[in-house]
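The opening residue of the sequence shown carries number 412 in the working numbering; numbering runs sequentially from there.
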Amino acid sequence: MNLQIFGTKKCKDSKKAQLFFQERRIPFQFINLQEKEMSKGELRSILGSVKLDDLIDTESKVYEDKNLKYMLYDKEETLLANPLLFKTPIVRDGKKATIGFVPDIWKQWISDSKK
Numbered sequence: 412m413n414l415q416i417f418g419t420k421k422c423k424d425s426k427k428a429q430l431f432f433q434e435r436r437i438p439f440q441f442i443n444l445q446e447k448e449m450s451k452g453e454l455r456s457i458l459g460s461v462k463l464d465d466l467i468d469t470e471s472k473v474y475e476d477k478n479l480k481y482m483l484y485d486k487e488e489t490l491l492a493n494p495l496l497f498k499t500p501i502v503r504d505g506k507k508a509t510i511g512f513v514p515d516i517w518k519q520w521i522s523d524s525k526k
């Protein structure tokens, strides 16, 4: 497994995702979206598993501050330019990805990796 967890230090679900993998002694890389932007390649890889619209946190302060509810905009470019618009955590293992705290899916990934 080559896990990445994209999130923020304040996000409770990001913390729970980190704890989930720590408890199982599965190494991961945590990417704090407050400090480092997601690359276009990382986003494209994630989009192989999840829909672009599902990545946008429509309840975030950034979404509200930019009035995105009432605008037409390039969703991919806007996400890349404003990483705090992402719903978190985004957990990625190669070409597989999830949004939010979904331990049942992660358990399946772990099981599949042991085969």
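Where a beta carbon is used, it is the ideal one built from N, C-alpha and C, also for glycine.
Annotation: the continuous beta strand (DSSP E) that includes Leu-414 extends over 414 to 418. Segment contact: the segment 455 to 464 against the segment 435 to 444, fewer than three CB-CB distances shorter than 8 angstroms; contact not assigned. For a cut-off of 8 angstroms, the C-beta gap from Ala-508 to Ile-501 is around 6 angstroms, short enough to register as a contact.
Taking all protein chains shown into account, Leu-483 has fewer than 16 neighbouring C-beta atoms within 10 Å of its C-beta and is therefore exposed.
Under the DSSP assignment, Asp-504 falls in the beta strand (DSSP E) whose first and last residues are 501 to 504.
Taking Asp-424 as the centre and dropping the five residues before and after it, the same chain places the C-beta of Gly-418, Thr-499, Pro-500, Gly-511 and Phe-512 closer than 8 angstroms to its C-beta, in chain order. Annotation for Glu-487: no residue places its beta carbon closer than 6 angstroms to its own, counting only its chain and skipping 5 residues before and after. Within the model, the alpha-carbon separation for Phe-441 versus Phe-431 is close to 13 angstroms. Runs of beta strand (DSSP E) with 3 or more residues, each lying fully within the segment 448 to 520, are found at 501 to 504 and 507 to 510, listed in chain order.
Taking 8 angstroms as the cut-off, the Cβ atoms of Leu-495 and Leu-444 count as close.
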